[in-house]
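Undergrad:
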Amino acid sequence: MKRFFPFAIIVIVLAGALAAGWYWWKAAHKSPASEPSNSGIPAVPTSAPAGAQPQHVRGSETAPVTLEEFGDFECPSCGLFYPVLKTIEGAYGSRLRVIFREFPLTTPHPHALAAAHAAEAAGLQGRFWEMHDLLYENQEAWAKAFDVRPIFEGYASKLGLDVERFKQDQTSEAVDNRIFLDGLRAHSFGVQGTPTIYINGRGIPYEEFRTVEALRASIDKALAK
Amino acid sequence: MIQNRRVAILYSVAAFVALIGLADAIYLTIGHITGQTVRCTITSGCSEVLGSRYATVRGQPVALFGAIAYFTVFSLATLAAFGYRLVGKLLLLIVTLMFLATLWLLYLQAFVIHHFCQYCLLSAAATTTLTVLVAIATRASR
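Chains as they are written, first to last, in our numbering: chain A, 1 to 225; chain B, 226 to 367.
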């Protein structure tokens with residue numbers, strides 16, 4: 001009898017481990033869907049601030065699906081999401097409209113704010129999305145740098161911007177205001193992390209947009225409504 | 226007999242520590258799969274570590290390998306505590322490999338990612354404790 005005792009303990013612990021895993025899995029899946037207030041991605045309040053205007057939009061004005069991203073250029077998960085969204089934008093064409101909002105998380109990411117300033121300064125010369133793409137594509141390179149200013153100026157010159165104006169605009173009030181206004185909108189939504197995604201005004205949990213397949217399913221769901 | 230009892234206690238404690246490590250690793254594995262800890266949040270070193278490319282090996286979360294390892298250590302330590310002394314050497318080998326993996330992960334956090342996550346540090350503490358316990362138990366049971 002005693003010989004089997006340790007094996008019984010092992011089986012019980014294995015069952016307990018699987019049960020704990022299942023419980024956490026359920027808890028993680030349940031919270032966004034059925035309790036939006038606890039998910040960190042609450043529903044959009046009707047009286048939400050509009051964010052910076054004009055907003056950064058890519059895609060058709062009449063698209064049936066609008067995806068609004070609150071992003072941080074230095075956030076690794078945002079960097080991983082960037083190619084996912086690119087692929088989806090290519091696949092859906094005029095059926096998808098993408099809006100980008102600045103939400104730099106300055107505590108964990110020391111260059112996030114500088115990157116947001118660079119993107120917005122490029123935006124003042126009409127090249128926001130080009131800078132947005134460059135920042136995400138080269139995230140690993142500049143995120144590790146000590147001084148990012150020469151790197152961002154390099155991107156500006158690569159994009160054919162007026163670099164002197166770009167340098168001034170980075171510290172301008174217009175750029176500050178845009179980031180502040182996007183932040184107001186983010187705070188009214190209760191955004192706490194990045195990337196946070198809203199599809200047609202509905203916040204979706206990370207696992208529903210982390211891969212091309214998952215994002216495709218979320219957009220198809222919105223299209224079917 | 227007293228010596229045997231001491232060894233049994235050491236292996237029992239090791240089994241208990243492995244349970245802590247197992248719970249930690251399962252929590253991280255589920256978090257990784259559901260994306261709970263992988264987004265960047267305002268207050269976090271965890272998302273930097275768990276969202277980094279070092280958090281996965283061949284597409285599988287490192288935490289999953291940790292969970293399997295901790296369960297194996299728990300099983301072997303339990304058997305050893307009940308007198309199955311033959312498993313002792315295998316246990317020492319596995320724990321040593323885990324300890325080396327822990328050193329590598331600590332190095333990555335300190336010098337490559339430059340962020341620490343508390344769940345990973347808990348696991349490092351668990352593995353270090355296990356290494357010490359199993360090493361003492363192996364010596365004592367000779």
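All C-beta atoms, glycine included, are put in the ideal place defined by N, C-alpha and C.
Keep in mind that this is a model prediction, so the values were computed, not measured.
Are there three or more Cβ pairs, one per stretch, closer than 8 angstroms when the segment 329-339 of chain B is compared with the segment 245-264 of chain B?
TA: The answer is no - the segment 245-264 of chain B does not touch the segment 329-339 of chain B, with fewer than three Cβ pairs under 8 angstroms.
Undergrad: Do residue 328 of chain B and residue 316 of chain B have their CB atoms nearer than 7 angstroms?
TA: Taking the first residue of the second sequence as position 1, residue 328 of chain B is located at position 103. Taking the first residue of the second sequence as position 1, residue 316 of chain B is located at position 91. For residue 328 of chain B and residue 316 of chain B, no; Cβs fall outside 7 angstroms.
Undergrad: Put residue 347 of chain B into one of helix, strand or coil per three-state DSSP.
TA: Against the second sequence, residue 347 of chain B aligns to sequence position 122. Looking at residue 347 of chain B - three-state DSSP - the assignment turns out to be helix.
Undergrad: Once DSSP output is grouped into helix, strand and coil, what is the label at residue 75 of chain A?
TA: Along the first sequence, read from residue 1 onward, the residue named residue 75 of chain A stands at position 75. Reduced to three states, the DSSP call for residue 75 of chain A is coil.
Undergrad: Rounded to whole angstroms, what's the CA-CA distance from residue 222 of chain A to residue 349 of chain B? Just pull it up for me.
TA: For the purposes of this step, residue 222 of chain A is taken as the residue at position 222 of the first sequence. For the purposes of this step, residue 349 of chain B is taken as the residue at position 124 of the second sequence. If you take the alpha carbons of residue 222 of chain A and residue 349 of chain B, they lie about 44 angstroms apart.
Undergrad: In the DSSP assignment, the beta strand (DSSP E) including residue 100 of chain A goes from what residue to what residue?
TA: Translated into the one-based positions of the first sequence, residue 100 of chain A becomes position 100. Its beta strand (DSSP E) spans residues 96-102.
Undergrad: I'd like to know whether the C-beta atoms of residue 351 of chain B and residue 276 of chain B end up nearer to each other than 7 angstroms.
TA: Looking up residue 351 of chain B in the second sequence gives position 126. Looking up residue 276 of chain B in the second sequence gives position 51. Taking 7 angstroms as the Cβ cut-off, residue 351 of chain B and residue 276 of chain B do not qualify as a contacting pair.
Undergrad: Can you pull the chain B neighbours of residue 20 of chain A, defined as C-beta to C-beta under 7 angstroms?
TA: Indexing the first sequence from 1 puts residue 20 of chain A at position 20. Within chain B, the residues near residue 20 of chain A are 248, 251.
Undergrad: Identify, in the order they occur along the chain, each residue of the same chain with its Cβ nearer than 6 angstroms to the Cβ of residue 230 of chain A, setting aside the five sequence neighbours on each side.
TA: Coverage of chain A is limited to positions 1 through 225, which leaves residue 230 of chain A absent and any answer about it impossible.
Undergrad: Decide if residue 11 of chain A is buried, meaning its Cβ has at least 16 other Cβ atoms within 10 Å, or exposed.
TA: Position 11 of the first sequence holds residue 11 of chain A. Exposed.
Undergrad: Going along chain B in order, which residues have a C-beta closer than 9 angstroms to the C-beta of residue 83 of chain A?
TA: On the first sequence, position 83 is the one that residue 83 of chain A refers to. Near residue 83 of chain A there are no residues of chain B at all, since even the closest Cβ is about 14 angstroms away, more than 9 angstroms.
Undergrad: Could you spell out the range, first to last residue, of the alpha helix (DSSP H) harbouring residue 165 of chain A?
TA: Along the first sequence, read from residue 1 onward, the residue named residue 165 of chain A stands at position 165. First-last of the alpha helix (DSSP H) with residue 165 of chain A: 163-170.
Undergrad: Using a Cβ cut-off of 9 angstroms, which residues of the segment 174-197 of chain A contact any Cβ in chain B, in chain order?
TA: Per Cβ criterion, the list reads 192, 193, 194, 195, 196.
Undergrad: With which residues is residue 59 of chain A paired in a DSSP beta bridge?
TA: Within the first sequence, numbered from 1, the residue matching residue 59 of chain A stands at position 59. The partner list for residue 59 of chain A (beta bridge, DSSP) reads A:97.
Undergrad: Quick one: grab the DSSP three-state call for residue 84 of chain A.
TA: On the first sequence, residue 84 of chain A is found 84 positions in, with the first residue counted as 1. In the structure shown, residue 84 of chain A sits in a helix (DSSP, three-state: H, G or I).
Undergrad: Measure from the C-beta of residue 266 of chain B to each C-beta in chain A and report whether the shortest distance is under 7 angstroms.
TA: One-based indexing of the second sequence puts residue 266 of chain B at position 41. Taking Cβ atoms only, chain A reaches closer than 7 angstroms to residue 266 of chain B, which makes this a yes.
Undergrad: Say whether chain B places a C-beta atom closer than 7 angstroms to the C-beta of residue 31 of chain A.
TA: Translated into the one-based positions of the first sequence, residue 31 of chain A becomes position 31. Note that residue 31 of chain A scores 48 on pLDDT, short of 50, meaning its location in the model is unreliable; the coordinates nonetheless yield the value given after this. No, residue 31 of chain A lies away from the interface with chain B (no Cβ there is under 7 angstroms from its Cβ).
Undergrad: What does the alpha-carbon distance come out to for the pair residue 356 of chain B and residue 321 of chain B?
TA: What you label residue 356 of chain B is simply residue 131 of the second sequence in a count that begins at 1. What you label residue 321 of chain B is simply residue 96 of the second sequence in a count that begins at 1. Cα to Cα, the separation comes out at about 6 angstroms.
Undergrad: Mind checking whether residue 270 of chain B and residue 341 of chain B have CB atoms under 7 angstroms apart?
TA: Your numbering for residue 270 of chain B matches position 45 in the second sequence. Your numbering for residue 341 of chain B matches position 116 in the second sequence. In this structure, residue 341 of chain B lies closer than 7 angstroms to residue 270 of chain B by Cβ.
Undergrad: Taking 8 angstroms as the threshold, find out whether the segment 213-222 of chain A comes into contact with the segment 78-88 of chain A through three or more Cβ pairs.
TA: Judged by Cβ distances under 8 angstroms, the segment 213-222 of chain A makes contact with the segment 78-88 of chain A, as three or more pairs qualify.
Undergrad: With DSSP as the reference, identify every bridge partner of residue 190 of chain A, one or two as the case may be.
TA: Numbered from its first residue, the first sequence carries residue 190 of chain A at position 190. According to DSSP, residue 190 of chain A bridges with nothing at all.
Undergrad: For residue 339 of chain B, count neighbouring Cβ atoms within 10 angstroms of its own Cβ and tell me buried if that reaches 16, exposed if not.
TA: In the second sequence, residue 339 of chain B corresponds to position 114, counting from 1. Answer is exposed; the Cβ neighbour count stays below 16.
Undergrad: Among residues of its own chain, excluding the 5 on either side of residue 231 of chain B, which ones have a beta-carbon nearer than 8 angstroms to its beta-carbon?
TA: Looking up residue 231 of chain B in the second sequence gives position 6. Cβ neighbours of residue 231 of chain B beyond the five flanking positions: 365.
Undergrad: Does residue 307 of chain B have its Cβ less than 7 angstroms from a Cβ in chain A?
TA: Counted from its first residue, the second sequence places residue 307 of chain B at position 82. Yes, its Cβ sits closer than 7 angstroms to a Cβ of chain A.
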